[in-house]
Amino acid sequence: MLRLSELKLPLDHSDEELQQAVLRRLRIAPDRLLSWQLVKRSIDARRRDRIQLTYSVDVAVKGEAALLRRHGSSGRVRSAPNTRYRPVGRALPSFPARSEDRPVVVGAGPCGYFAALLLAQMGFQPLLLERGQAVKQRTLQTFGFWKRRLRFDPESNAQFGEGGAGTFSDGKLYSQVSDPEHYGRKVLEELVASGASDDILTLHRPHIGTFKLATVVRGLRARIEALGGEVRFGSRMDRLLLQPSDGEKPFQVVGVELADGHRIDCRHLVLAPGHSARDCFAMLEDVGVQLEPKSFSVGVRIEHPQPLIDQARWGDMAGHPRLGAAEYKLVHHASNGRCVYSFCMCPGGFVVGATSEEGRVVTNGMSQHSRNERNANSGLVVTLEPEDLAPYERCPGDPLAGVALQRDLEQRAFLLGGETYAAPAQRLEDFLAQRPSTHLGEIEASYQPGVAPADLAQALPDPLIAALREALPAFAKRLPGYDHPDAVLTGVETRTSSPVRIPRDLQMESLNTRGLIPAGEGAGYAGGILSAGIDGIRAAEAVARQLLLVKPGSF
Numbered sequence: 224m225l226r227l228s229e230l231k232l233p234l235d236h237s238d239e240e241l242q243q244a245v246l247r248r249l250r251i252a253p254d255r256l257l258s259w260q261l262v263k264r265s266i267d268a269r270r271r272d273r274i275q276l277t278y279s280v281d282v283a284v285k286g287e288a289a290l291l292r293r294h295g296s297s298g299r300v301r302s303a304p305n306t307r308y309r310p311v312g313r314a315l316p317s318f319p320a321r322s323e324d325r326p327v328v329v330g331a332g333p334c335g336y337f338a339a340l341l342l343a344q345m346g347f348q349p350l351l352l353e354r355g356q357a358v359k360q361r362t363l364q365t366f367g368f369w370k371r372r373l374r375f376d377p378e379s380n381a382q383f384g385e386g387g388a389g390t391f392s393d394g395k396l397y398s399q400v401s402d403p404e405h406y407g408r409k410v411l412e413e414l415v416a417s418g419a420s421d422d423i424l425t426l427h428r429p430h431i432g433t434f435k436l437a438t439v440v441r442g443l444r445a446r447i448e449a450l451g452g453e454v455r456f457g458s459r460m461d462r463l464l465l466q467p468s469d470g471e472k473p474f475q476v477v478g479v480e481l482a483d484g485h486r487i488d489c490r491h492l493v494l495a496p497g498h499s500a501r502d503c504f505a506m507l508e509d510v511g512v513q514l515e516p517k518s519f520s521v522g523v524r525i526e527h528p529q530p531l532i533d534q535a536r537w538g539d540m541a542g543h544p545r546l547g548a549a550e551y552k553l554v555h556h557a558s559n560g561r562c563v564y565s566f567c568m569c570p571g572g573f574v575v576g577a578t579s580e581e582g583r584v585v586t587n588g589m590s591q592h593s594r595n596e597r598n599a600n601s602g603l604v605v606t607l608e609p610e611d612l613a614p615y616e617r618c619p620g621d622p623l624a625g626v627a628l629q630r631d632l633e634q635r636a637f638l639l640g641g642e643t644y645a646a647p648a649q650r651l652e653d654f655l656a657q658r659p660s661t662h663l664g665e666i667e668a669s670y671q672p673g674v675a676p677a678d679l680a681q682a683l684p685d686p687l688i689a690a691l692r693e694a695l696p697a698f699a700k701r702l703p704g705y706d707h708p709d710a711v712l713t714g715v716e717t718r719t720s721s722p723v724r725i726p727r728d729l730q731m732e733s734l735n736t737r738g739l740i741p742a743g744e745g746a747g748y749a750g751g752i753l754s755a756g757i758d759g760i761r762a763a764e765a766v767a768r769q770l771l772l773v774k775p776g777s778f
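Quick note on the numbering used here: the sequence shown kicks off at 224 and runs consecutively.
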């Protein structure tokens, strides 16, 4: 099988034209082409007057070796990689010999679910613990809060519960992480097997959408349980139980204690708590697990009409069915040294309340699979520097200083919004003119549970505000209309990534705690659904290797 890349065709091409492009690339007659399969499709919009589709395809041909010799030097014809997943081992039917050998996974986000799924597929019968509720109940609670019908629940919300924070998002499935093992393909295939559309296997920037994600996470859970795993909701880990170790590391995991007082013994634990598990970070510090601060960014959400973004990106081709709702990615290096960039851009979506604590306001973006809501939104965030964190440190290098900063900004937003979980919002023109907004304009804010016109300069530190004010006109030079005077800025966006990292060694184990495998976004090793799923696979493999080593010949 050969893989052909960089096949470019106009938007309105036919399948026959794609096949003809394959024949032209290889310079072969039709009878030598046995079959072909689409691998990836992306959009080349560098020229708005000539937008093209770019394809990668795998082909079976007669005389493959000769063709590879003839075209291989071009870099656009090569042997198709073997992306089939191969597990590192498998448990015997008698597993577990001891109850504490059964691996525990904490957190039912994408990392935790893929760790549990892979462990179940290898026969290790994992127990997965999630503090929040199953996705159906969680959705009712979260939407009820957004629509002001239900009180905020700090245990089951846009951050906590089945599927993790990604459940209420655009469901993006692309990442820039290095993936030589093709684990990303394994993640996508398992998502399709659990109910996702199979187009995620071929789109360059695939996404699932919120409602479809709910179906997919239920499918993942069902598959874990069918393979002997167990998923428990409403099971918050309140304490990680450790004992002194006589090995190279001072501690050994021996179990977890839940909020209801129940103890579960285990010696192998995948910790995938998500980026908002602040009480978990504090508990880990208290019991002695090594933590360190991690860089992250904060800012606001910005909303424009989706047709404005479509026109800016696609020009006269806006609305073409093969293009869909346009996305953007913007970066500006401000004169004060700050980097301003778009984050988690949601075409045809809406802005939602994503707090996980009472008395605080957090924004996030969300889209359905159709991406057909009226507005486009994106995080517009600024990198933090050590001097931003210094006022929040209890001591130099405080690993929880970032958490304290996040809480401060989120509390400011709560107060500016009127202490009702409404978010402070400002017209872009007012923001640039350094005056509070008293009303919004023709662009209607989509944020649920509602907005209050305000001055966002009161919600964020001065250096970040200055960088944002410099970046917005610069972005408008690249995307015409981005500086629309009525574009809506909503604050605050603070959960771009975890402010904490749990350092681990090359075997993915905590540096000072035997049996603890920190993984995913909350542990500081992922940045989205796909990368978290990949890290979950690696975490499962790390646990399997530990189990196979601990009891040789037993699994």
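By construction, the Cβ of each residue, glycine as well, lies at the ideal position given by its N, Cα and C atoms.
Being a predicted model, the structure only gives us computed values, none of them experimental.
Excluding the 5 residues flanking it on each side, residue 423 has same chain C-beta neighbours closer than 6 Å at 396, 411, 429, in chain order. Here the segment 723-743 does not lie against the segment 308-317, with fewer than 3 beta-carbon pairs under 8 Å apart.
With a contact defined as Cβ atoms closer than 8 Å, residue 567 and residue 601 qualify at about 7 Å.
Judged by DSSP secondary structure, residue 609 falls within the alpha helix (DSSP H) whose first and last residues are 609-612.
In the structure shown, residue 270 adopts coil according to DSSP, grouped into three states.
Sorting 240, 348, 323, 704 by C-alpha distance to the C-alpha of residue 535 places 704 at the top. Judged by DSSP secondary structure, residue 318 falls outside any beta strand (DSSP E); it is assigned neither H nor E. Of 504, 571, 585, the smallest CA-CA separation from residue 524 is found for 585.
The beta-carbon separation of residue 663 and residue 676, rounded to 6 Å, stays under the 8 Å limit for a contact. The residue from 696, 364, 487, 506 with its alpha-carbon nearest to that of residue 555 is 696. By the C-beta density criterion, residue 485 is exposed, having fewer than 16 other C-beta atoms within 10 angstroms. With respect to residue 284, residue 227 sits apart: the two C-beta atoms are not nearer than 8 Å. Residue 749 places its beta carbon less than 8 Å from that of residue 758. With a 10 Å radius around the Cβ and a threshold of 16 neighbouring Cβ atoms, residue 280 comes out buried.
Within a 10 Å sphere around the beta-carbon of residue 497 sit 16 or more other beta-carbons, which makes this residue buried. The beta strand (DSSP E) runs lying completely inside the segment 629-705 and spanning 3 residues or more are 646-650, 674-676, given in chain order.
The segment 589-606 makes no contact with the segment 400-410: fewer than 3 CB pairs, one atom from each, lie closer than 8 Å. Across the structure, residue 715 and residue 557 are spaced so that their CA atoms are roughly 20 Å apart. Counting only unbroken stretches of 3 or more residues, the beta strand (DSSP E) elements lying wholly within the segment 509-568 are 520-528, 554-556, in sequence order. The closest CA to that of residue 611, considering only 467, 665, 520, 564, is found on 520. Secondary structure of residue 732 (DSSP, three-state): coil.
Close CB contacts of residue 268 within its chain, under the 7 Å cut and outside five residues either way in sequence, are with 274, 536, 537 (chain order). DSSP, read as helix, strand or coil, puts residue 620 in coil. For residue 278, the enclosing beta strand (DSSP E) covers residues 275-284.
Taking one beta carbon from each stretch, the segment 380-389 and the segment 677-686 have fewer than 3 pairs nearer than 8 Å; the two do not touch. Only residues of its own chain outside the window of five on either side were considered, and among them 361, 378, 379, 383, 384, 385, 456 have a CB closer than 7 Å to the CB of residue 355, listed in chain order. For residue 327, the uninterrupted beta strand (DSSP E) segment begins and ends at 327-329.
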